Each structure stands twice: as C-alpha cells, then as structure tokens.
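Each residue of the sequence shown is one higher than the one before, starting from 1 at the first, in the UniProt record's numbering.
Note that beta-carbon positions come from the ideal geometry of N, C-alpha and C, so glycine has one too.
No experiment lies behind these values; they were computed from the predicted model shown.
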Amino acid sequence: MKKTEQATSAHAPSIRELVDDVKAAALLGTSVNTLANWRATKRYPLPYVKVGRLVRYRMSDIEAFIASNTVSDL
1 MKKTEQATSA HAPSIRELVD DVKAAALLGT SVNTLANWRA TKRYPLPYVK
51 VGRLVRYRMS DIEAFIASNT VSDL
C-alpha cells in the first residue's frame with residue numbers, strides 16, 4: 001500500500017463522521033446561529049473543523065459534548 005493510500009484510509013473514518021452546522025444544530029436542538037455564536041465567543045468548548053469557509057463537526061465531538069453537559073440528579 002502506498003503512503004497516500006494509507007493516509008486516505010487512515011483518515012476515512014473521521015471524514016465520514018463530519019456533519020455540517022445544520023445537522024449539528026439539529027442534533028443539539030439549537031440553531032445554526034447559536035453554534036456560530038458559540039464558535040465566535042468560545043462560550044462552549046465544542047470542537048469544529050474549518051476548511052476555508054466550511055464549518056464541520058465530528059459526530060464523536062458532538063456526542064462527547066452532550067455527555068459532558070449531561071446533568072443527573074443525585
């Protein structure tokens with residue numbers, strides 16, 4: 001296997017799990033504008049990927065964000 005094939009196959013799972021801000025907002029029950037506000041103010045630590053002007057979120061980061069913000073009664 002060539003290095004480029006290895007690199008492509010190594011990154012393929014993370015690329016497939018990327019979702020746009022519309023899908024991320026729907027999963028979090030918020031609006032796209034709210035996500036943009038969170039990114040600009042760094043109010044909530046939700047990691048994102050930026051390629052040019054495109055903003056994408058990893059599903060694993062969204063799931064981790066939900067888990068870290070889950071409040072349970074004692």
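Secondary structure at V58, three-state DSSP: helix, strand or coil?
Inspection of the sequence shows that residue 58 is occupied by Arg rather than by Val. Reduced to three states, the DSSP call for R58 is strand.
For V71, does the three-state DSSP call read helix, strand or coil?
The answer is coil: DSSP assigns V71 none of H, G, I, E or B.
Selection from P45, R53 and V49 that minimises the alpha carbon distance to F65
Closest in alpha carbon position to F65, among P45, R53 and V49, is P45.
How close, in whole Å, do the beta carbons of A26 and Y57 come, if the pair is a contact with beta carbons under 8 Å?
Not quite, the Cβ-Cβ distance comes to about 11 Å (not below 8 Å), so this is no contact.
Endpoints, alpha helix (DSSP H) assigned at L27
For L27, the uninterrupted alpha helix (DSSP H) run begins and ends at D21 to L28, by DSSP.
Start and end of the alpha helix (DSSP H) containing R39?
Taken as a continuous stretch (DSSP letters only), the alpha helix (DSSP H) holding R39 covers V32 to T41.
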